[in-house]
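K.L.:
Numbering of the sequence shown is given in my numbering, commencing with residue 2 and proceeding in unit increments. A virtual CB, placed ideally from N, CA and C, is assigned to each residue, including glycine. First, the structure itself, so that you have it in front of you.
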Amino acid sequence: FAGSTALFYEIDNKTLYSIANSLIISFTVFMLLIVVVYRDFYRVMILSSSAISAVLLSINSIKLLHIDLNSINIIIPVIAITIAVADTIHILNRYDRLRYHKFRLKETFKQTISPVFFTSMTTMVGFGSFYFSEITPLQNFSSEAFVAIVSIFVFSVLVVYLNLFIFGQNFKQNNTREPYKIIYFLYKLIQNRYRYIVAFSFILILTSGFYLTKWTTETNFLKVFFNKNESLVKNFKFFDVNFNGTGNFDIIIKKDKSDFEKLDEFNTIIKLQREIEKIDNIITTKTYADYISMINKEVIGGKYPTSEEQLSQEILFISFSKSAEKKEIISNYVNFDYSQVRINIKTPNLSSSQYRKLINDIKQVVKTANLQNYILTGNEYFVFKLSDYVIQTQIQSLLLCALFIFMVFFFLFGFRYSIIAFAVNFTPIVVVLGFLVFMGDSFDFATVIIAGIAIGFCVDDTIHMMHHFKKQKTKNKKLAILNSVRVLYRPLLLTTIILGICFFSFYFSSMVVTQKFGFYTLAAIILAFLSDIILLPALIFGYKNKN
């Protein structure tokens, strides 16, 4: 089997397998991890109930909007787990830190509700930026993610506080020894080498930016979803080599009524057809002229009619010829009044960049023929336009995220610290996207959302760090940094591990697109953690503030 029907049938099957596989892997590993880390029934119960409720809420958001599962929105349940669990871990961490406080739960709520609210808001913006994409599945993904995140904040997070109220007194004493030596070593390293850390980060950004200038897109479904060795890819190649190709373009040329019944316009189409067939990767073309040529050879002997009378007679003859569906045999290539002609173009299955060159060549040939009123359509033209939309979506989402997140940082931390937080959040994004290009991969339907997702999660950690730093009741900046790293390293590390496991579960998908998404999102999450735990303190050390 080959062709678009077989292609989308296989994609549907892979999508169902991927969602089941990723959910099972991520949830199983998540449960094992929290059992090992917390070793307390009530903490594990709160975390697991938070994760389960998040999955149910995310699936309900998809059903609520009446949108079918596809290769993009299958990641929403996994995203929901990570968001709910990350918030729950930070709440539990603060609850444990306040175990000697007289009003423990009240103070926990007071200290966590603000960062949890703003992290939810920035995550919503990261996903919401795709609402303005021209790609409908990305628009739907944005709406579904928005509804899911709002639901998680309203229901899942508030349920955590309720569980703490009911079961908090039953918690086991957390006797986990903190690695003070490692924390202090890291702190001293950052303090003494902060200039080198900032300089290295700057060089990394410049290098990644250089590679980003070489980015490409790939929207050919066969190349995006399938490995080269899969049977469907081999089937497509077999059709390309042995038959007329699996790629399909159409040019619709429009003229005044009955123009294409005239000999001059008929000859123009023949000439255009010949010029198009000279373009690289064009296997064959077909127009109404091919059918008229067949009749002319049988009746008169020449390849094409040479007079208006011959052309009119052959068109009249064709009008009496009916197919099995009782249609004229050339009805697929010319409309009823001969004012529009279709040129069908067959190509092999090509990459997006090859289609871009081919379409530009076709446009140039049509322009040379002095035909102004025409449209391009067909499956491969759809692939070409998707490529443009992917680029537009990537730039648009990054700009919207950057603007809103800077405004949030400015509102929370002031102008100078907002500059620091902004740099911390966009460093891992630029580096990962540059690394993606360096590895020879292209941006596609899934990798285009990596930046938005990574920004959402990176901003979460930064807000928690900056919020704790700014709330320190000390005028000693060094002590404030040390306390922030000491208090938050554990929840940040744990949420990073859980995020990494959940997203890396997509690497075991049978679809290439989700494999790449899982790998590069994992890289972004790790870099985001390092950026928050190392680059953020380094930039604060370098910021000369009298206060």
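In chain order, which continuous runs of the alpha helix (DSSP H) of length 4 or greater are located wholly inside the segment 250–326?
P.N.:
Counting only runs of 4 or more, we get 264–278, 289–300 and 309–320.
K.L.:
Spatial neighbours of Ser532 within its chain, please: CB distance less than 6 Å, with the 5 preceding and 5 following residues excluded, ordered by chain position.
P.N.:
Hits under 6 Å: Val425, Thr428 and Pro429.
K.L.:
Helix, strand or coil: how does DSSP classify Lys347 here?
P.N.:
Of the three classes helix, strand and coil, the one that applies to Lys347 here is strand, per DSSP.
K.L.:
Starting from the Cα of Thr288, find the closest Cα among Phe166, Leu273 and Lys256 and give me that residue.
P.N.:
Taking only the C-alpha atoms, the option nearest Thr288 is Leu273.
K.L.:
If you drop the 5 nearest sequence neighbours on each side, which residues of the same chain put their C-beta closer than 7 Å to that of Leu523?
P.N.:
So the list reads Gly501, Phe504 and Phe505, once near-sequence residues are dropped.
K.L.:
Among Leu207, Ile284 and Ile316, which residue has its Cα nearest to the Cα of Ser549?
P.N.:
The chain is shown only over 2 to 548; residue 549 falls outside these bounds and no answer can be derived.
K.L.:
By how many angstroms is the C-alpha of Lys364 removed from the C-alpha of Ile346?
P.N.:
So the alpha carbons of these two residues sit roughly 13 Å apart.
K.L.:
By alpha-carbon positions, which one of Phe239, Met125 and Ser202 ends up nearest to Ile406?
P.N.:
For the residues Phe239, Met125 and Ser202, the minimum Cα distance to Ile406 belongs to Met125.
K.L.:
What three-state label does DSSP hand Gln341 in the structure shown?
P.N.:
In the structure shown, Gln341 sits in a strand (DSSP, three-state: E or B).
K.L.:
Taking the straight line between their C-alpha atoms, what separation do you get for Leu139 and Thr448?
P.N.:
Taking the straight line from one Cα to the other gives about 12 Å.
K.L.:
By Cβ distance below 8 Å, which residues in the same chain neighbour Ile1 in space, the five residues on each side in sequence not counted?
P.N.:
Summary: the structure shown does not reach residue 1, with the chain confined to residues 2 through 548, and so no result is reported for it.
K.L.:
Could you tell me which uninterrupted alpha helix (DSSP H) segments, each at least 4 residues in length, are contained entirely in the segment 47–98, listed from first to last along the chain?
P.N.:
If we require 4 residues or more, the alpha helix (DSSP H) runs fully inside the segment 47–98 come out as 77–98.
K.L.:
Would you decide whether Asp241 is buried or exposed? Buried here means 16 or more other CB atoms lie within 10 Å of its CB.
P.N.:
By the 10 Å Cβ count, Asp241 comes out buried.
K.L.:
Does the Cβ of Leu537 have 16 or more other Cβ atoms within 10 Å, making it buried, or fewer, making it exposed?
P.N.:
When all chains shown are included, Leu537 counts as buried.
K.L.:
Quick one: what does DSSP say Leu540 is sitting in, helix, strand or coil?
P.N.:
In the structure shown, Leu540 sits in a helix (DSSP, three-state: H, G or I).
K.L.:
Have a look at Phe147 and Arg40 and give me their C-alpha separation to the nearest angstrom.
P.N.:
Distance between the alpha carbons of Phe147 and Arg40: 33 Å.
K.L.:
Measure from the alpha carbon of Arg417 to the alpha carbon of each residue in Met467, Gly435 and Lys476, then state which is nearest.
P.N.:
Residue Met467 is the option with its Cα nearest to Arg417.
K.L.:
Below 8 Å, how does it come out for the segment 360–375 and the segment 265–279: are there three or more Cβ pairs, yes or no?
P.N.:
Touching, yes.
K.L.:
Candidates Pro78, Ile47, Ser51 and Ser50: which alpha carbon is nearest Asn61's?
P.N.:
The residue with the shortest Cα to Cα distance from Asn61 is Pro78.
K.L.:
Based on the DSSP output, what are the partners of Tyr356 in its beta bridges?
P.N.:
DSSP lists no partner for Tyr356.
K.L.:
Leu233 by DSSP, collapsed to three states: which one?
P.N.:
In the structure shown, Leu233 sits in a helix (DSSP, three-state: H, G or I).
K.L.:
Go through its chain and collect everything with a Cβ distance to Ser354's Cβ below 7 Å, but skip five positions before and after it.
P.N.:
Cβ within range, chain order: Thr217.
K.L.:
Is Gly248 helix, strand or coil when you go by DSSP?
P.N.:
Looking at Gly248 - three-state DSSP - the assignment turns out to be strand.
K.L.:
Taking the alpha carbon of Gln627 as the reference point, which residue from Ile534, Ile482 and Ile376 has its own alpha carbon closest?
P.N.:
Since the first residue shown for the chain is 2 and the last is 548, residue 627 is missing from the structure and cannot be characterised.
K.L.:
Between the beta-carbon of Tyr292 and the beta-carbon of Ile331, is there less than 8 Å?
P.N.:
Cβ distance < 8 Å, so Tyr292 and Ile331 count as in contact.
K.L.:
Looking at C-alpha atoms only, which residue of Phe222, Lys263 and Asp265 is the closest neighbour of Thr247?
P.N.:
Per the Cα distances, Phe222.
K.L.:
Out of curiosity, what's the CA-to-CA distance linking Ala422 and Asn164?
P.N.:
Approximately 33 Å between the Cα atoms of the pair.
K.L.:
Taking the alpha-carbon of Val160 as reference, which of Asp88, Tyr212, Thr214 and Leu187 has the nearest alpha-carbon?
P.N.:
The shortest Cα separation from Val160 among Asp88, Tyr212, Thr214 and Leu187 belongs to Asp88.
K.L.:
Quick one: what does DSSP say Ile330 is sitting in, helix, strand or coil?
P.N.:
Ile330: coil per DSSP, three-state reduction.
K.L.:
Using the Cα positions of Val486 and Ile396, report the straight-line distance between them to the nearest angstrom.
P.N.:
Distance between the alpha carbons of Val486 and Ile396 is about 33 Å.
K.L.:
Does the Cβ of Leu17 have 16 or more other Cβ atoms within 10 Å, making it buried, or fewer, making it exposed?
P.N.:
It is exposed - the Cβ of Leu17 has fewer than 16 other Cβ atoms within 10 Å.
K.L.:
Rounded to a whole number of angstroms, what is the C-alpha to C-alpha distance between Ser157 and Leu437?
P.N.:
Cα to Cα, Ser157 sits roughly 34 Å from Leu437.
K.L.:
Please determine whether the Cβ atom of His102 lies at a distance below 7 Å from any heavy atom of the ligand MG.
P.N.:
By its list of ligands, the structure shown contains no ligand whatsoever, and the ligand MG lies outside what it can speak to.
K.L.:
Check Ile150 in the structure and name its three-state DSSP category.
P.N.:
If DSSP states are grouped into helix, strand and coil, Ile150 belongs with the helices.
K.L.:
Rounded to whole angstroms, what's the CA-CA distance from Asn403 to Ala452? Just pull it up for me.
P.N.:
Reading off the sequence shown, one finds Ala at residue 403, where the question assumed Asn. Whole-angstrom Cα-Cα distance: 11 Å.
K.L.:
Measure the Cβ-Cβ separation of Ala529 and Tyr195 and say whether it is below 8 Å.
P.N.:
It is not a contact, given that the beta carbons lie outside the stated cut-off.
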